[in-house]
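Novice: Structure below; questions to follow.
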Amino acid sequence: MNRRVYIVHGFEGNPHGNWFDWLCAQVKSTGAQAISLAMPNPDKPSTTAWQFTLDQHIGKPDAHTFLVGHSLGCITLLHFLSRQQPQKIGGLLLAAGFADTLPPLPVLDAYIKAASPDFDILRKIDMPKHCLVSDNDTHVPPELTLDMAAKLKSPVTHIPEGGHLMASDGFTQLPQAWEALKPMLTE
Numbered sequence: 146m147n148r149r150v151y152i153v154h155g156f157e158g159n160p161h162g163n164w165f166d167w168l169c170a171q172v173k174s175t176g177a178q179a180i181s182l183a184m185p186n187p188d189k190p191s192t193t194a195w196q197f198t199l200d201q202h203i204g205k206p207d208a209h210t211f212l213v214g215h216s217l218g219c220i221t222l223l224h225f226l227s228r229q230q231p232q233k234i235g236g237l238l239l240a241a242g243f244a245d246t247l248p249p250l251p252v253l254d255a256y257i258k259a260a261s262p263d264f265d266i267l268r269k270i271d272m273p274k275h276c277l278v279s280d281n282d283t284h285v286p287p288e289l290t291l292d293m294a295a296k297l298k299s300p301v302t303h304i305p306e307g308g309h310l311m312a313s314d315g316f317t318q319l320p321q322a323w324e325a326l327k328p329m330l331t332e
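This is the structure we're talking about:
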C-alpha cells in the first residue's frame, strides 16, 4: 500500500508556501506520495468548504495516511479526524497548531468554533503524533499549541525564536518537521 502524506496550510496560506515544498521533497525521497493541498479561499476560510476539500482528497484516512498541518491547518485536521474517526492512521504532525480561539485573530473565531475537535475521539485513534511549537509565535500564542499537544498527549519539539514557522520567519525548510515525520513514515 502506498504511503500518502497530506499537508494542509493555514489561514492566508498556499500549498507551496513556507516549508511545504521542501517537506514534500523529503517525503518523496522515501518513495511515499506527498500532496500539499490548496484549501479554498484561504483569506476567508470556511470550515465546511475546508472539510469538504479534505473529504474529497483524503477520503477515509487509514494506516497509510499521514497528515501534516500548519496553523489553521492543524485544527482543520483535528476536526477532520474527529469526524472521520479512523481506527488508525500512519501519523499526525502539527506545527504552530491550536484548538481554541486566537486573541490576535478574532476574524477566525467562527471557523475555530465550528471546527472544534473532539479530543476524546482523537485520543482513541491509533496514531503516532508530534507537535512543533515556537516560543515567540505572534500569531498563535505558544501556550495554545502546548495546550493542544497536552490534550492530544503528543510529544512536542520546541523551536526557539521560530516565530510562526513561516517563510517570513526564515523557514523555507523545517528540519524539525522532517525529524518528527520520517520515523513515522519508515516504521
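Residue numbers for the sequence shown follow the numbering used here, so the first one is 146 and each next one is one higher.
Just so it is clear, CB atoms sit at the ideal spot from N, CA and C, and this is done for glycine as well.
Over what stretch of residues does the alpha helix (DSSP H) that includes K90 continue unbroken?
Specialist: A question about residue 90 goes unanswered here, because the residues of the chain that appear run from 146 up to 332.
Novice: Using the rule of at least 16 other Cβ atoms within 10 Å of the residue's Cβ for burial, across every protein chain shown, is G204 buried or exposed?
Specialist: The residue is exposed, with fewer than 16 neighbouring Cβ atoms inside 10 Å.
Novice: Is it true that the CB of A312 sits closer than 7 Å to the CB of N147?
Specialist: Cβ atoms of N147 and A312: not closer than 7 Å.
Novice: Would you say T290 lies against chain C (beta-carbon separation less than 7 Å)?
Specialist: The displayed structure is made up of one protein chain only, and chain C is not part of it.
Novice: Identify whether V285 lies in helix, strand or coil by the three-state DSSP scheme.
Specialist: coil
Novice: For P231, collect the residues of the same chain with a Cβ closer than 7 Å to its Cβ; drop the 5 residues on either side in sequence, then sort them by chain order.
Specialist: K205, P206, D207, I270
Novice: Can you tell me whether DSSP reads K274 as helix, strand or coil?
Specialist: strand
Novice: Counting C-beta neighbours from all protein chains within 10 Å, is the total for K233 16 or more, i.e. buried, or is it exposed?
Specialist: Flag for K233 reads exposed.
Novice: As a quick exercise: from L238, W195, Q178, K327, pick the residue whose alpha carbon is nearest that of N186.
Specialist: Among L238, W195, Q178, K327, the Cα nearest to that of N186 is on W195.
Novice: Could you give the distance in angstroms between the alpha-carbon of F225 and the alpha-carbon of A179?
Specialist: 19 Å
Novice: Output needed for L291: all residues of its chain with C-beta closer than 7 Å, excluding positions within five of it in sequence on either side, in chain order.
Specialist: Closer than 7 Å at the Cβ level, and outside the excluded window around L291, lie V278, V301.
Novice: Specify, as a first and last residue, the run of the beta strand (DSSP E) that I304 falls within.
Specialist: 301–304
Novice: Determine which residues share a DSSP beta bridge with G236 and list them.
Specialist: BP columns for G236 point to F211.
Novice: Using C-beta distances below 6 Å, list every residue in its chain close to E306, excluding the 5 sequence neighbours before and after it, in chain order.
Specialist: Apart from the 5 residues on each side of it in sequence, E306 sits with its Cβ closer than 6 Å to the Cβ of N281 in its chain, given in chain order.
Novice: Please report the residue range of the alpha helix (DSSP H) in which S227 lies.
Specialist: 217–229
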